[in-house]
Structure formats: C-alpha cells, structure tokens
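All remarks here apply to the structure that follows.
There are 2 protein chains.
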Amino acid sequence: MTGLRDRQKADRERRILHAAVTLFRDRGYRAVRLEDLADRADVSVGTVYNYYHAKGDILIATVALEVEEVVAMGQGIVEDPPRGVEAAILALIHQYYDHSLKYLSKEMWRTAMAISIEAPDTPNGRRYADLDDKLRGQVIALIARLRDRGEVRPRIDPVPLGELIFNNLNMAFIEFVKNDAMTLEELRRSIAAQMRPLARMIAMEDA
Amino acid sequence: MTGLRDRQKADRERRILHAAVTLFRDRGYRAVRLEDLADRADVSVGTVYNYYHAKGDILIATVALEVEEVVAMGQGIVEDPPRGVEAAILALIHQYYDHSLKYLSKEMWRTAMAISIEAPDTPNGRRYADLDDKLRGQVIALIARLRDRGEVRPRIDPVPLGELIFNNLNMAFIEFVKNDAMTLEELRRSIAAQMRPLARMIAMEDA
DNA sequence: GAAAAAACTTGAACAGCCTCATTTTTGTAG
DNA sequence: CTACAAAAATGAGGCTGTTCAAGTTTTTTC
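Chains as they are written, first to last, in this note's numbering: chain A, 1 to 207; chain B, 208 to 414.
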C-alpha cells in the first residue's frame, strides 16, 4: 500500500520540518530565508510550498509540536491536582511556562502569535487558535475538578472563571515573550501575584 | 521662526497620514502598496520612509489617534463613574469598544496588534505598548475611585485587580477583531458575562 | 546676491516571499 | 518493456517593502 511516492513525501515533509526547527532556533525565524530552508531540507523552494502554504505555516507546525506535548503533560495535573486552589492552579501554569522554551525561542513565539492574530482565517491561524482552545479547556477542567473535590466554592461556574484565568496566564506569557530580558522566574512570580488574590476569593472559606 | 521647510515637512507628514487613514480603511491595509500611498500623498516612496520607518509605523500612528481619543473620553467616566461596580466597569469598557471602529477596521487592529507582538522593541511596537499602558492605568484608576467611594471592598488592591480586568477586556477585544463576523453587541455581552461574577466578588457585601 | 552647506526628495536597485509553466519522477495499462 | 497518465519537484520571475546614492530645494554664510 505505502509505495515509494508516499514514503518520499513523508520523508520530505519531515526533512522540511526538521530543518525549520533547527534553523529557526539557531538563526532566528526572520533571518532564515526560504532558500536556506530548502537547501537544508534538500528540496527546492517550490517544493516547500507544496507542503506548507507559507513561511509562517512551517512555524505554526513547530509550535503545534510544542503545545501538543505540553497539553499531554498537563493532563496528569488536571486528573490529580496538588492540594490547595492556589497550588493546583500554579502547578498547571508553571507546567506550561517551564516547557515553553524547550523547542521554541521567544522570537518564534512572537511570530506565531502575530500570525494567529493577523491571519485568523487561514489554516495556520485556525490551527494556533485550536491549540489555545485546548489549553483553555484544560484550565476549565482543572477548576471543575477542584470544585468537585470541594476546594472551590460550589456556586462558582468553572467556565467563565477558567476563561478568566486562561486570559491572564496567556497575557502574562505574551508579556514574557515580548520582553527578551524577562526570565522564566520573573514570569512565574508575576502570574503568582495575579493568581493569589483570585485563588483566595474562589476557595472554600475557612482558611 | 517657522520657515518654509518646516511648513512643508509638517504638510507632507499630514498628507501621508491622511492618505493612510483613507486608503487603509477603504482598500485594506494589506492591499495598499507603498506606491499607492505615496501617490495619494503626492510624494515619492522614499519620502514616506523619511517620515515613517516602515509601513507598519504609519498604521500605528493611525491607531494612536484613535486610542488617544478614547483615553480622553474615558477620563470622564473615571472621574465620576456610574453607581454600582458592575455598571461602572462596563461603562468604561463599552466606551472603549464602541469607539474602536470609528477610524479603524478590524483588519487594521489585527495588523497593529501583530506588529506590537512581533516587534516589541521597535519604536512602533513600544508606541502601541504605551497606548495599552494608558488604558490599563485608566482601569486601575477606576477601581481605585470605586474603592474610595466605598463600593469596592477596602482590602482589594486596585493594581492587580485592574490588570486582571484589563487583560480580560483586551483578550475579548482581540477575539472580536479576529472574528470578522462578530458584532459589537456580541462583544459587549461576552465581556459583561465575564465581568458580572467578578464584580459581585469585589463589591461591598450587602446586595 | 552668489556660493557653499545643510536638509530633504527621489526613484532605481535590492531582498525575500511566493507563484506557476515546465520538467522530472512515479505509477499503471497493454 | 513501452507508452501513457498522474503526481510532484523545480527554479526563474513577479511582486512589494525597504534602502541609498544622486539630485533638488531651502537655508546660511560672506
């Protein structure tokens, strides 16, 4: 069934993506020309466009790798979060943050975000939005889990609250990638400061 | 003192900005080529670059016009907000939202946001960030005002809360401009749904 | 008022993303 | 094995944002 043609196709796509991950990280997304990428992947420029619709597409594909991985890792925290509302929320968020620079540079994040805002109706833009949705859903699931466990007040609706938390962790992350000088440690402190009062407000009162 | 040269310079800059506001709205930012802009402003392409550093710069300048205006209008609400925490917060946010499409299309907003994320260290990117800061400061000032008036619990710190509210109104606005089909009415309803529970949590309890 | 200097304008040339007519490779039928 | 069809690869060329050396206009100097 899987003939020569299919194998070669899969191989070329893999080569292009691999070349992109390497070159974008090492030289920066902007600095990498399509020609460099094509050379590295041993294909022509035209061929790159048979596999990806635009330069930004290739970047979004690398971002997707990273986010899929972090979502899978977050699942464990959602299913069995640490005790305490604040600790549980921060555990999930820190998971996201700490993993974020594993394959991607800040410049790559910035560009991917810019693409998703500027071209939301392209396949690439939608793909990035879908990734965001997965993370948002995970935060909501965490709140629901905490409520079921009796740590969050029963009258709290997990959906708007989860969205609110997601918006804030997302904005904090945007600030982080916009500022090359900011460290992961500073990012963690910043989000903790925002989450602490919120956690107190939604937790079962007795503390 | 103000010689011929200065007058001509000011006039050219005005012509370029005016051409940009018109053309970007009518034909779309992407579709307008620098050459079109230069022709309309009766200058050469090179001259445009003496006044603005890049195409995106011109866009940011038009966004600045819009935001400066909305900040000025918001000042009235901050100084004398309507009664009720929820009403006051929504009054300010609706002010922002309702004004947002006066000079700018959704595409223009998307592009401006993309620039500010992708190139935060350029003058343009910083200028957009400064505008954001002004709006954020206004939200914080409003919360402080409400607290002084005894409508918000005294133990609430206006700074993190104001930032949280700003993050959410900002994200909701980003969703709005990303989705061409979304109406202002839907945007208003979406932010109201997010702000209602928050307003209840921070208001003086007695309701 | 002429000459020199300074400031500004100009558009041709350049760079990089992307397209598409052509060529090459792979699969299939006789 | 040959001929044909389908699919994919190729890279020269188009398009548009940006730069910069040369030219023009305004200001200053004497």
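Glycine included, every Cβ here is placed at the ideal spot set by N, Cα and C.
| field | Distance, D264 of chain B Cα to G162 of chain A Cα | value | The alpha-carbon of G162 of chain A is positioned some 36 Å away from that of D264 of chain B.
| Which residues, in chain order, does the segment 380 to 397 of chain B contribute to contact with chain A at a C-beta distance below 9 Å? | Sequence-ordered contacts of the segment 380 to 397 of chain B with chain A read I381, V384, K385, N386 and D387 [C-beta pairs closer than 9 Å].
| said: Does I108 of chain A pass the burial test, meaning 16 or more other C-beta atoms within 10 Å, or should it be called exposed? | reply: The question names Ile, but residue 108 of chain A in the sequence shown is Met. Per the 10 Å Cβ criterion, buried.
| From this set, B:R290, B:E242 and B:R240, which residue's C-alpha is nearest R354 of chain B's C-alpha? | Ranked by Cα distance from R354 of chain B, the first of B:R290, B:E242 and B:R240 is B:R290.
| request: Would you kindly work out how many angstroms separate the C-alpha atoms of P197 of chain A and L299 of chain B, rounded to a whole number? | output: 23 Å
| message | With a threshold of 7 Å on Cβ separation, who are the neighbours of A295 of chain B within its own chain once the five nearest residues in sequence on each side are excluded? | response | P288, P289, L349 and L353
| message | Relative to the C-alpha of A399 of chain B, which candidate in B:F380, B:N386 and B:A388 has its C-alpha closest? | response | Considering only alpha carbons, the answer is B:F380.
| query | Can you give, in chain order, each stretch of the alpha helix (DSSP H) that sits fully within the segment 3 to 57 of chain A and has at least 4 residues? | reply | Complete alpha helix (DSSP H) runs here, min 4: 4 to 27, 34 to 41 and 45 to 51.
| message | At the level of alpha carbons, what is the spacing between S105 of chain A and A144 of chain A? | response | 33 Å
| request: Give the single residue among A:E185, A:K102 and A:G125 whose Cα lies nearest to the Cα of H53 of chain A. | output: A:G125
| query | How is A326 of chain B classed by DSSP in three states: helix, strand or coil? | reply | Coil at A326 of chain B, not helix or strand.
| Could you check where the alpha helix (DSSP H) with L291 of chain B kicks off and where it finishes? | One detail in the question is off: residue 291 of chain B reads as Gly in this sequence, not Leu. From DSSP, G291 of chain B is part of no alpha helix (DSSP H); its letter is neither H nor E.
| query | Are the C-beta atoms of R317 of chain B and some chain A residue less than 8 Å apart? | reply | yes
| Burial state of R407 of chain B, where buried means 16 or more other Cβ atoms lie within 10 Å | exposed
| message | Within the continuous alpha helix (DSSP H) that includes K309 of chain B, where are the two ends? | response | Premise fails: K309 of chain B is in no alpha helix (DSSP H) and is neither H nor E.
| Using DSSP with H/G/I as helix, E/B as strand and the rest coil, what is A410 of chain B? | strand
| query | Residue range of the alpha helix (DSSP H) that E175 of chain A falls in? | reply | P158 to K178
| query | Can you give, in chain order, each stretch of the alpha helix (DSSP H) that sits fully within the segment 122 to 153 of chain A and has at least 4 residues? | reply | 123 to 148
| message | Determine, for A321 of chain B, whether the minimum Cβ-Cβ distance to residues of chain A falls below 8 Å. | response | Taking CB atoms only, A321 of chain B has a neighbour in chain A less than 8 Å away.
| message | Is the separation between the beta-carbon of A410 of chain B and that of V366 of chain B shorter than 8 Å? | response | no
| field | Rounded straight-line distance, which links the Cα of Y335 of chain B to that of A271 of chain B | value | 7 Å
| Closer than 8 Å to chain A by CB, I324 of chain B | yes
| request: Please report the Cβ distance between Q95 of chain A and V70 of chain A, rounded to the nearest whole angstrom; I am assuming they are in contact, meaning their Cβ atoms lie under 8 Å. | output: That pair is a contact at about 7 Å.
| task | Examine chain B for any beta-carbon lying closer than 8 Å to the beta-carbon of P160 of chain A, and answer yes or no. | result | yes
| task | Report buried or exposed for N257 of chain B, applying the criterion of at least 16 other Cβ atoms within 10 angstroms of its Cβ. | result | exposed
| Proximal chain A residues relative to A400 of chain B, where beta-carbon distance stays under 9 Å | P160
| request: Determine whether the Cβ of L164 of chain A lies closer than 8 Å to any Cβ atom of chain B. | output: yes
| message | Quick check: L184 of chain A and Y97 of chain A, are their CB atoms within less than 8 Å of each other? | response | yes
| Under 8 Å between C-beta atoms of I117 of chain A and A321 of chain B | I117 of chain A is a Cβ neighbour of A321 of chain B, given a cutoff of 8 Å.
| message | Between N170 of chain A and chain B, is the shortest Cβ-Cβ distance under 8 Å, so that the two count as touching? | response | yes
| query | With distances taken from CA atoms, which of A:T122, A:D132 and A:Y29 is nearest A326 of chain B? | reply | A:Y29
| query | How about V250 of chain B and R219 of chain B: are their beta carbons less than 8 Å apart? | reply | yes
| Of the choices B:N386, B:N374 and B:E412, whose alpha-carbon is the least far from that of I401 of chain B? | Correcting the residue identity first, residue 401 of chain B is Gln in this sequence and not Ile. Taking only the C-alpha atoms, the option nearest Q401 of chain B is B:N374.
| Same chain, Cβ closer than 7 Å to V85 of chain A, five either side skipped, listed in chain order | L146, E151, V152, A199, I202 and A203
| said: Quick check: what's the CA-CA separation for P123 of chain A versus D364 of chain B? | reply: 42 Å
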